Amino acid sequence: MQSSTPARRGRIYLQVAPLTIALVLFVVIPLIMIVTVSFFTFDFVIGAQPSFIFDNFVEVLTDNNTLNLYGATLKFAAIVWALTLFIGFWIAYFLAFHVRNLLIAIGLFLVCTVPFWTSNVIRMISWIPLLGKEGLINQALMGIGIVNEPVEWLLFSEFAVILCYVNLFTLFMIVPIFNSMARIDRSLVEAARDAGAGRLRIMTEVIVPLSKSGIALGSVFVVALTMGDFFVVKIMGGGRSANVVSAMFDDIGILNYPHAGAQAVVLLIVVTLIVTAIMRVVDVRKELAQAR
Amino acid sequence: MAGRTTHKKREWTFYVLAAFFVLFVIFLYGPMFSIYVLSFQGPNAGLTFPMQGFSLHWFAALFGQARTGDIGGAFGRSIPLAIIVLSLTVVISVSAGLAFRRRFLGSSPLFYIAVASLIVPGLVLSIGIGQGFTALGLRTAWWSSALGAHLSWTLPFGLLIMFAVLARFNPALEEAARDQGATNVQVLRYVVIPILLPGIIAVALFGFTLSYDEFPRSWVTAGTKNTLPLEIWTMVTNITSPALYALATVTTALSFIIIGVSLGAIAMIQRRRSGQVKRKPAGG
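Protein chains in written order, with the numbering used here: chain E, 1 to 292; chain W, 293 to 576.
Shown next, in the form of structure tokens:
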């Protein structure tokens with residue numbers, strides 16, 4: 001490695017300047033704005049006014065509804081995390097260890113990732129013609145004779161919300177887990193097999209430990225995305241479900257930014273705590289900036 | 293990687309997992325394709341199966357002056373916006389990716405801010421950017437505040453892709469070119485960019501599609517004129533006719549074209565390379 005001359009260092013700072021400016025303008029300052037606004041006063045007639053009061057936080061933290069909102073948010077996050085982890089792990093395992101041809105593995109992997117580049121809102125509404133009272137699934141169920149009347153809880157229910165989350169977010173589990181599995185040295189598996197380890201032991205003592213970083217990274221994504229959602233809860237919940245961000249969305253509807261801000265600050269603290277807890281399991285930075 | 297030389301008989305677990313994979317792909321794509329099919333129904337159709345006739349009625353209704361809002365205008369804003377976001381994402385991510393090969397003062401905080409931007413709920417950032425514009429007395433618009441909001445989503449992905457791509461890039465190639473007397477611009481133009489091209493196309497794909505489909509970060513920041521995802525959202529909450537599906541079909545068709553062109557270009561470059569020099573494909 002050559003020494004870092006002042007010219008080289010100057011070039012490096014020039015190279016990161018655009019990123020730094022963009023992130024400061026559109027991430028750091030907005031987060032500071034959220035915190036600032038959360039101390040403002042709000043009046044239905046005049047709107048938000050600069051101030052320094054803690055009322056919004058007191059309101060958020062003492063409201064019984066807040067507890068319900070967090071209960072719903074964390075419940076969705078936990079269920080969706082468990083389901084996406086189960087599905088994502090086995091899909092990634094299949095692609096990394098069972099598909100023998102590398103090109104086919106990459107092709108199938110892309111099949112799993114293509115929906116990521118399409119609209120989440122559209123993928124969400126796609127479930128409506130399937131799950132509705134006169135939807136395809138109810139028609140099929142009644143056709144076979146399993147039920148006599150349409151099943152009502154398929155659409156506009158917690159079931160629909162969870163189904164949609166799993167549909168939207170499982171690929172965030174597959175990608176990082178597949179990534180770490182692809183880097184597992186195949187001779188380790190061979191060695192374990194030669195040493196007499198059965199399928200179960202190879203799984204629990206070789207593959208799972210070596211996929212841990214991918215699992216942690218996928219978990220961070222899925223939990224953060226589920227906790228940050230509002231439109232799936234709004235539409236697929238049919239007005240009967242709510243979570244923290246959908247409550248913020250309602251606040252914005254009446255321009256109550258201070259209350260939404262306080263809600264956001266509390267949520268960010270909770271999300272940060274959960275993410276930090278997951279990151280403790282594994283060095284995510286090393287994982288993301290791999291190979292250095 | 294997955295390629296094995298020993299061709300033993302498949303274990304039963306292979307068939308179980310293969311079946312699971314097929315079910316997952318149906319689960320992933322089945323609903324999407326059902327609404328594409330339903331968008332081709334006749335004029336008296338509803339929102340669900342069975343198909344009521346076959347026509348292009350709902351596509352025509354979409355761009356006529358029906359009660360469906362300003363669809364043409366929404367496309368006219370979302371596509372330019374996505375192209376601007378794509379361009380900025382490529383330039384900023386490639387440039388920053390090159391710098392991140394070394395540690396520098398502030399590299400860790402910058403990296404963590406980028407990752408934080410992925411984790412912060414989109415609506416929260418949207419509110420923050422909107423309030424920032426309000427505080428400065430600026431009006432929010434798709435080409436200013438929404439552009440920034442979209443960058444907060446695309447840049448972290450661009451940066452992470454560049455990390456993965458640059459991990460396989462040999463800096464000796466750069467040094468060699470420089471030793472031969474190449475200027476910085478020449479090194480970039482003739483060495484770095486051609487080698488990184490597949491990764492750069494991937495960054496462009498993320499930049500375009502993530503902006504084109506972004507809804508939560510546009511909610512507060514798009515100003516008075518809707519971008520496409522906001523227009524779709526309005527229809528989701530107001531309109532109960534297959535026009536909604538027609539809009540979804542048109543929107544996604546464009547996404548699929550962009551995805552196909554990008555992945556095709558990457559595959560072509562990789563194939564040409566492995567034809568020239570016999571070596572492992574670098575992957576994207």
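Just so it is clear, CB atoms sit at the ideal spot from N, CA and C, and this is done for glycine as well.
These numbers were taken from a predicted model, which means no experiment stands behind them.
Between which two residues does the beta strand (DSSP E) containing residue i stretch?
| i | result |
| --- | --- |
| residue 49 of chain E | 47 to 49 |
| residue 41 of chain E | 41 to 43 |
Look up residue i in the DSSP assignment and say whether it is helix, strand or coil.
| i | result |
| --- | --- |
| residue 145 of chain E | coil |
| residue 428 of chain W | coil |
| residue 180 of chain E | helix |
| residue 75 of chain E | helix |
| residue 119 of chain E | coil |
| residue 18 of chain E | helix |
| residue 484 of chain W | helix |
| residue 54 of chain E | coil |
| residue 531 of chain W | coil |
| residue 281 of chain E | helix |
| residue 301 of chain W | coil |
| residue 250 of chain E | helix |
| residue 459 of chain W | coil |
| residue 338 of chain W | coil |
| residue 38 of chain E | coil |
| residue 139 of chain E | helix |
| residue 275 of chain E | helix |
| residue 575 of chain W | Here the model assigns residue 575 of chain W a pLDDT of 47, short of 50, so the residue's position is not dependable, and the following value carries that caveat. Note: residue 575 of chain W maps to coil in three-state DSSP. |
| residue 8 of chain E | helix |
| residue 213 of chain E | helix |
| residue 81 of chain E | helix |
| residue 90 of chain E | helix |
| residue 500 of chain W | helix |
| residue 198 of chain E | coil |
| residue 63 of chain E | coil |
| residue 324 of chain E | The structure shown does not extend to residue 324 of chain E, since chain E is modelled only from 1 to 292, so the question has no answer here. |
| residue 237 of chain E | coil |
| residue 13 of chain E | helix |
| residue 243 of chain E | coil |
| residue 126 of chain E | coil |
| residue 505 of chain W | coil |
How is the alpha helix (DSSP H) around residue i delimited, first residue to last?
| i | result |
| --- | --- |
| residue 554 of chain W | 535 to 568 |
| residue 369 of chain W | 363 to 391 |
| residue 321 of chain W | 304 to 330 |
| residue 401 of chain W | 399 to 411 |
| residue 106 of chain E | 102 to 113 |
| residue 517 of chain W | Run containing residue 517 of chain W: none; DSSP gives neither H nor E here. |
| residue 207 of chain E | That residue, residue 207 of chain E, is in no alpha helix (DSSP H); it is neither H nor E in DSSP. |
| residue 188 of chain E | 186 to 194 |
| residue 343 of chain W | Where residue 343 of chain W is concerned, there is no enclosing alpha helix (DSSP H), given that its DSSP letter is neither H nor E. |
| residue 98 of chain E | Looking at the DSSP string, residue 98 of chain E is not in any alpha helix (DSSP H), and its letter there is neither H nor E. |
Anything in chain W within Cβ reach of residue i, meaning under 9 Å, just list it in chain order.
| i | result |
| --- | --- |
| residue 49 of chain E | Per Cβ cutoff of 9 Å: no residues; residue 49 of chain E is ~12 Å from chain W at best. |
| residue 86 of chain E | Per Cβ cutoff of 9 Å: no residues; residue 86 of chain E is ~10 Å from chain W at best. |
| residue 197 of chain E | Per Cβ cutoff of 9 Å: no residues; residue 197 of chain E is ~15 Å from chain W at best. |
| residue 167 of chain E | 319, 320, 323 |
Note down, in chain order, every chain E residue with its Cβ under 9 Å from the Cβ of residue i.
| i | result |
| --- | --- |
| residue 324 of chain W | 115, 118, 122, 123, 126 |
| residue 387 of chain W | 14, 15, 16, 17, 18, 19 |
| residue 413 of chain W | 224, 225, 227, 228, 229, 230, 244, 245, 248, 264, 267, 268, 271 |
Name, please, each residue of chain W whose Cβ falls closer than 7 Å to the Cβ of residue i.
| i | result |
| --- | --- |
| residue 30 of chain E | 417, 420, 421, 424 |
| residue 20 of chain E | 402 |
| residue 257 of chain E | 419, 423 |
Of the residues the options, which one's Cα is nearest the Cα of residue i?
| i | options | result |
| --- | --- | --- |
| residue 524 of chain W | E:278, E:279, E:123, E:185 | E:123 |
| residue 254 of chain E | E:196, E:46, E:190, E:222 | E:46 |
| residue 335 of chain W | W:348, W:328, W:325, W:342 | W:348 |
| residue 305 of chain W | E:213, E:98, E:269 | E:98 |
| residue 180 of chain E | E:89, E:18, E:152, E:130 | E:89 |
| residue 450 of chain W | W:479, W:407, W:436 | W:407 |
| residue 184 of chain E | E:12, E:211, E:281 | E:211 |
| residue 446 of chain W | W:415, W:502, W:454 | W:502 |
| residue 167 of chain E | E:65, E:54, E:85, E:15 | E:85 |
| residue 345 of chain W | W:310, W:333, W:567 | W:333 |
| residue 17 of chain E | W:518, W:390, W:433 | W:390 |
In chain E, what lies closer than 7 Å to residue i by C-beta?
| i | result |
| --- | --- |
| residue 501 of chain W | 117 |
| residue 306 of chain W | 98 |
Starting from the beta carbon of residue i, find every residue of chain B whose beta carbon is closer than 7 Å, and list them in chain order.
| i | result |
| --- | --- |
| residue 91 of chain E | Protein chains in the displayed structure are E and W, and chain B is not among them. |
Check the Cβ of residue i against every Cβ in chain E and list those closer than 8 Å, keeping chain order.
| i | result |
| --- | --- |
| residue 547 of chain W | 117, 118, 119 |
| residue 544 of chain W | 118, 119, 122 |
| residue 525 of chain W | 121, 231 |
| residue 310 of chain W | 94, 98 |
In chain W, which residues lie less than 8 Å from residue i when you measure between Cβ atoms?
| i | result |
| --- | --- |
| residue 6 of chain E | Chain W residues near residue 6 of chain E: none, gap ~13 Å exceeds 8 Å. |
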